[in-house]
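Undergrad: Residue numbers (my numbering): 12 to 340.
Using N, Cα and C, we set each Cβ at its ideal position, and we do this for glycine too.
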């Protein structure tokens, strides 16, 4: 039974069954039961309690088994839906397979260790965390057969995943993107594409390839868990010139090439053009100054786009005429 048992519901049901049985017996014997009697005892019969039933969407004030606010007759929305799970199982999109129920959901954050489950029955690596993907090729939904013939998982695309193991990048190619999974799976069969050695020590183990350890993990609740370091640099994919050019402070193409970034042709940067503009010469005269702060030049600049790191669209420039000291706020 998947649903939890409510003691109050069990008592209500047993009381209803007992009342029905006693009423039927007394009706056959021709005995009239007084409404005011709460407990009848007899030397030849087992003590029983009369239960007052709530009907016509109204709470019976004589019913002391439940509170008025918990009355199912007056509040039918509180009654447990017995067919809810059956309807849910009939819908293939909302049905939870045995494979999904096996895993518990786990959130991952940037730069924190993440864990996968090694599955000896999976034919492909399967991932649900889109932050791990280096590239994603979407394709029409492919059905993945599970142990439950009535329900299949849907593959939304094929991906390449890069993860960090002891500060070394580890690439898994041709992986399946399955959003409905609650934990990512690493196929043991795919790992066997090259000769590997599995060494177990208690509840921990490690996998070696060419006499070098490349994966390690532990056994938890009969699941083979492997942990990786999730590099935050892999979480943001910015291969075009425009985003890198803006985030790095608008450097030139030569600087971007030295950084090893892939750049493509783009429209001229408007911000760079504004920065290279020069103003017309000032034909007026400023008053003479003899000490700092005698005369200040202040100007509010903005709105600017993109905004600053703190989200501001304006800044204030202050120039001291005597010392030429400049300050931006």
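1. For residue 229, does the three-state DSSP call read helix, strand or coil?
2. Exposed or buried, what is residue 137 when buried is set at 16 or more other beta-carbons lying within 10 Å of its beta-carbon?
3. Tell me, please, which residues DSSP counts as bridged to residue 128.
4. In terms of residues, what are the limits of the beta strand (DSSP E) holding residue 266?
5. From this set, 126, 308, 135, 336, which residue's C-alpha is nearest residue 227's C-alpha?
6. Roughly how many whole angstroms lie between the Cα atoms of residue 224 and residue 207?
7. Classify residue 205 as helix, strand or coil using the three-state DSSP reduction.
8. Can you give the Cα-Cα distance for residue 230 and residue 198, rounded to whole angstroms?
9. What are the boundary residues of the beta strand (DSSP E) that includes residue 216?
10. Can you tell which of 22, 209, 263, 21 has the C-alpha that lies nearest to the C-alpha of residue 222?
11. Can you check which of these residues, 257, 294, 312, 185, is closest to residue 166 by C-alpha distance?
12. Checking 8 Å against the spacing of the C-beta atoms, do residue 187 and residue 169 come in under that value?
13. Which residue's Cα is closest to the Cα of residue 201: 130, 237, 214?
14. For residue 346, does the three-state DSSP call read helix, strand or coil?
15. Tell me the rounded alpha-carbon separation between residue 81 and residue 89.
16. Select from 282, 272, 314, 337 the residue whose C-alpha is nearest the C-alpha of residue 303.
17. For residue 66, which residues of its own chain have a beta-carbon under 7 Å away from its beta-carbon, when the five flanking residues on both sides are left out?
18. So, are the CB atoms of residue 77 and residue 23 less than 8 Å apart?
19. Going by CA-CA distance only, name the one from 63, 323, 75 that's closest to residue 34.
20. Rounded to whole angstroms, what's the CA-CA distance from residue 99 to residue 194? Just pull it up for me.
21. Could you compute how far the alpha carbon of residue 333 sits from the alpha carbon of residue 266?
22. Please report the Cβ distance between residue 189 and residue 155, rounded to the nearest whole angstrom; I am assuming they are in contact, meaning their Cβ atoms lie under 8 Å.
23. Where DSSP assigns a beta bridge to residue 331, which residues make up the other side?
24. Check each candidate in 321, 311, 237, 31 and name the one with the smallest Cα separation from residue 339.
25. Kindly indicate the opening and closing residues of the beta strand (DSSP E) around residue 337.
26. Could you check which residue in 313, 153, 298, 74 has the C-alpha nearest to that of residue 307?
27. Tell me whether residue 329 is buried or exposed, calling it buried when 16 or more other Cβ atoms sit within 10 Å of its Cβ.
28. Alpha carbons only, please: which of 74, 70, 296 is nearest the one belonging to residue 30?
29. Compute the Euclidean distance between the alpha carbons of residue 21 and residue 91, then round it to the nearest angstrom.
30. Give me the DSSP bridge partner(s) of residue 138.
31. Just to confirm, is the Cβ distance from residue 191 to residue 214 under 8 Å?
32. Who are residue 211's beta bridge partners in DSSP?
33. Report yes if the CB atom of residue 257 is closer than 8 Å to the CB atom of residue 314, and no otherwise.
TA: Let me lay it out:
1. Strand, per DSSP.
2. So residue 137 ends up on the buried side.
3. Beta-bridge pairing links residue 128 to 196, 236.
4. Where residue 266 is concerned, there is no enclosing beta strand (DSSP E), although the alpha helix (DSSP H) it sits in stretches over 264-269.
5. Out of 126, 308, 135, 336, 126 has the C-alpha closest to the C-alpha of residue 227.
6. If you take the alpha carbons of residue 224 and residue 207, they lie about 9 Å apart.
7. In this structure, residue 205 counts as coil in the three-state DSSP scheme.
8. Distance between the alpha carbons of residue 230 and residue 198: 16 Å.
9. Run containing residue 216: 215-220, per the beta strand (DSSP E) assignment.
10. Selected option, being the one with the closest Cα: 209.
11. Among 257, 294, 312, 185, the Cα nearest to that of residue 166 is on 185.
12. Judged by their CB atoms, residue 187 and residue 169 are nearer to each other than the 8 Å cut-off.
13. Closest by C-alpha distance to residue 201, out of 130, 237, 214, is 130.
14. Limits of the chain in this structure are 12 at one end and 340 at the other, which puts residue 346 out of reach.
15. Taking the CA atoms as reference points, residue 81 sits about 7 Å from residue 89.
16. Out of 282, 272, 314, 337, 337 has the C-alpha closest to the C-alpha of residue 303.
17. Same-chain partners within the cutoff: 84.
18. Between residue 77 and residue 23, the CB-CB gap stays under 8 Å.
19. When only C-alpha atoms are compared, the closest one is 63.
20. Residue placement at residue 99 is flagged as unreliable, the pLDDT there being 46, under the threshold of 50; a coordinate-derived value is accordingly withheld.
21. In a straight line, the C-alpha of residue 333 is about 37 Å away from that of residue 266.
22. About 7 Å separates the beta carbons of residue 189 and residue 155, which is inside the 8 Å limit, making them a contact pair.
23. Looking at the DSSP output, residue 331 sits in a beta bridge with 307.
24. 311 is the residue among 321, 311, 237, 31 whose C-alpha sits nearest the C-alpha of residue 339.
25. Note, residue 337: beta strand (DSSP E), 337-339.
26. Of 313, 153, 298, 74, the residue nearest in Cα terms is 298.
27. The residue in question, residue 329, is exposed, as its Cβ has fewer than 16 Cβ neighbours within 10 Å.
28. Minimum Cα-Cα distance from residue 30 among the listed residues 74, 70, 296 corresponds to 74.
29. Roughly 12 Å between the two C-alpha positions.
30. Bridge partners of residue 138: 188.
31. Inclusion of residue 191 and residue 214 in the CB contact set at 8 Å is not warranted, their separation being larger than that value.
32. Residue 211 is bridged to 216.
33. No, Cβ-Cβ distance for residue 257 and residue 314 is not below 8 Å.
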